[in-house]
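Residues 5 to 460, numbered by my numbering, are exactly what the sequence shown covers, in order. Heads up, the beta-carbon is just placed ideally off N, CA and C, and yes, glycines get one too. For reference, the structure is listed below as structure tokens.
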Amino acid sequence: MRLTFLGATETVTGSKYLLEGAGLRILIDCGLFQGTKNLRLRNWAPLPVDIGSIDAVILTHAHIDHSGYLPLLARSGYRGPIYATPGTCALAEILLKDSAKLQEEEADFANRHGFSKHHPALPLYTIDDAEQALKLLVPRAFDAPSILNDHAAFRLRRAGHILGAASVELHVAGKAIVFSGDLGRPGDAIMCAPAHIEHADYLVVESTYGDRLHEPTDPLAELEALFTRTFRRGGVVIIPSFAVGRAQTILHDIAILKDTGRMANVPVYLDSPMAVSVTELYRHYMQEHRLTRSQLDAIAKAAVMVRSVDQSKEIAGHRGPMVVIAGSGMATGGRVLHHLKAFAPDARNAIALVGYQAAGTRGAALQAHAPTIKIHGEYVPVRASIEAIPSLSAHADYNEILDWLRNFSTAPARTFVTHGEPAAADALRRRVTETLGWQCEVPTYLESVVLEDGAR
């Protein structure tokens, strides 16, 4: 068997792993690179694999850094199955269409305003490409065995993190290969805990937070304090947010703060058609999360759900205390960019960073307190206060990852640490080696390793 790392090495984006064995070539995850320009340029380069040779794709979850390359794969001729949980299939329909729409809109905006170096600016892919990819989705229930051929099968195991998120447990040529996907937190306020997996001959594990611990703080108290400070000075709170998971967590917390009188009665806007649609999906997957129907009702009433562009433009003209939640979570695109242009220059306002900010993104620049950020070809001054609330993260920290690893009955023959910035991946490698005594390594981009198979 051979495993090739086509992404999520030395970065937290672009997740793609090619597993070859038992006469099959299987792609686990198919994500877009995000962040620094050298990473983004990889999205435009041909995939270093013969597309026609790929037999199947298995998705861990629907986040764009795990699924966002699928439209390009379909446009390049892939017509095989894309296996995923029903929740991931439902989310992928929303996320991939939205991603394609943003690609088209940003190319159009660049052409109309003349700030692109390319003439004309082209979208990475189109809505038609996304729809072609979506036709290939094949839903598979959690824990149900799925046969690929006489010598290969897989199961999708619950990973927490977001709706539909799974770890992939593959059995190929007599060996078990496990891909953790993005692991959620066991005590998450909304999502169920990741399932325990007992055996892997080979393991690929994420390390987004491989070098840090989540502080034992109360996100409700942190949000309450942030809102109180900002509203007191007449300011606006802008929250760049992932549409899946994070937006719903924030709305859940706001609903509690409002219900308990701990937050002023100011307007709250969820300015993300995608997040609005995702919020509605939670009612169809009650078994995957901890929320009750009454809590979902409260989330729906916690904010004005904004879908149209005209409604979004109106928000930028408002003044006075309010909260605006908008995508994208790392401020790499989406409607939040227009709100940052409007509100970042005013010192009365606040920008709340509530999730991981990958290197090279505007979110990372804000987190580093950059005095300006570049949006639509212009440098926008940042005078608003920057507030980080890491306790809202949906990623396991290194202790939570180690606890998940301890459920394996024996050490894998080899463990590969991926999906982390270099410092985070190496820190987790060291901790796994020192704490568990496992053979552990950090692969590099396009590295290919031979795995011993158990076929007789």
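Residues that DSSP places opposite residue i in a beta bridge
i, result
"Pro149", "According to DSSP, which records beta bridges pairwise, Pro149 is partnered with nothing at all."
"Ile86", "Val61, Leu141"
"Lys179", "Val176"
"Met195", "His293"
"Leu77", "In DSSP, Leu77 forms no bridge with anything."
"Thr8", "Leu22, Ser452"
"Ala156", "Asn153, Val176"
"Cys444", "Thr419"
"Leu285", "Answer is none; Leu285 lacks a bridge partner."
"Leu28", "Gly25"
"Arg161", "Ser171"
Nearest-angstrom Cα separation, counted from residue j out to residue i
i, j, result
"Leu224", "Ile258", "8 Å"
"Arg44", "Phe37", "5 Å"
"His380", "Val310", "22 Å"
"His1", "Ala96", "The structure shown does not extend to residue 1, since the chain is modelled only from 5 through 460, so no value can be given for it."
"Gly81", "Glu109", "25 Å"
"Lys317", "Gly91", "32 Å"
"Ala88", "Pro149", "12 Å"
"Leu141", "Ala163", "20 Å"
"Pro375", "Ser389", "11 Å"
"Leu450", "Phe9", "5 Å"
"Ser298", "Tyr286", "12 Å"
"Asn115", "Val313", "19 Å"
"Leu167", "Gln107", "24 Å"
"Gly11", "Asn353", "37 Å"
"Phe420", "Leu28", "21 Å"
"Thr448", "His373", "30 Å"
"Gly84", "Ile62", "11 Å"
"Arg161", "Val182", "10 Å"
"Val308", "Pro271", "8 Å"
"Asp132", "Ser19", "23 Å"
"Asp59", "Ala429", "30 Å"
"Val436", "Val240", "43 Å"
"Val453", "Gln136", "32 Å"
"His70", "Asp350", "36 Å"
"Ile260", "His165", "21 Å"
"Leu427", "Gly364", "Reading off the sequence shown, one finds Ala at residue 427, where the question assumed Leu. Rounded to whole angstroms, Ala427 to Gly364 spans 15 Å at the Cα level."
"Gly25", "Glu173", "15 Å"
"Glu438", "Ala134", "44 Å"
"Arg79", "His122", "21 Å"
"Cys444", "Arg144", "31 Å"
"Gly178", "Val446", "25 Å"
"Leu344", "Ile377", "9 Å"
"Ile30", "Met278", "30 Å"
Supposed close pair residue i, residue j - CB separation, criterion 8 Å
i, j, result
"Gly188", "Ala157", "The Cβ separation is near 25 Å, so there is no contact."
"Val208", "Thr15", "At roughly 15 Å, the Cβ-Cβ gap does not stay under 8 Å, so Val208 and Thr15 are not in contact."
"Lys348", "Val386", "Before going further, note that residue 348 is Ala rather than Lys in the sequence given. At roughly 5 Å, the Cβ-Cβ gap stays under 8 Å, so Ala348 and Val386 are in contact."
"Leu357", "Pro244", "7 Å"
"Leu440", "Ala415", "7 Å"
"Glu228", "Arg266", "5 Å"
"Ser397", "Glu219", "10 Å between Cβ atoms; not a contact."
"Ser276", "Ala251", "7 Å"
"Thr17", "Ala362", "6 Å"
"Ala431", "Asp215", "4 Å"
"Thr283", "Ala304", "7 Å"
"Gly331", "Ala392", "Going by Cβ atoms, the distance from Gly331 to Ala392 rounds to 18 Å, so no, they are not a contact pair."
"Leu22", "Val53", "6 Å"
"Asn411", "His175", "Incorrect: roughly 18 Å between the Cβ atoms, too far for contact."
"Ile4", "Ile355", "Residue 4 lies beyond the residue range present for the chain, which begins at 5 and ends at 460; the question has no answer from this structure."
"Met5", "Leu455", "4 Å"
Taking the runs of the alpha helix (DSSP H) that are 4 residues or longer, which of them lie wholly in the segment 202-276? 223-236, 250-263
Give a yes or no on contact between the segment 196-214 and the segment 315-327, applying the rule of three or more CB pairs nearer than 8 Å. no
If you pair each beta-carbon of the segment 176-196 with each one of the segment 373-392, do three or more pairs fall below 8 Å? no
Runs of alpha helix (DSSP H) wholly within the segment 349-428 (minimum 4 residues, chain order): 366-371, 402-409
Below 8 Å, how does it come out for the segment 330-343 and the segment 359-375: are there three or more Cβ pairs, yes or no? yes
Would you call the segment 396-405 and the segment 209-220 in contact, with 3 or more CB pairs under 8 Å? yes
Three or more C-beta pairs below 8 Å linking the segment 93-108 and the segment 46-55: no
Check whether the segment 228-239 touches the segment 289-296, counting contact only when three or more Cβ pairs, one atom from each stretch, lie closer than 8 Å. no
If we require 4 or more residues per run, which alpha helix (DSSP H) segments fall completely within the segment 306-332? 313-320
Mind the definition here: the segment 29-36 touches the segment 58-75 only if three or more C-beta pairs lie below 8 Å; say whether that holds. yes
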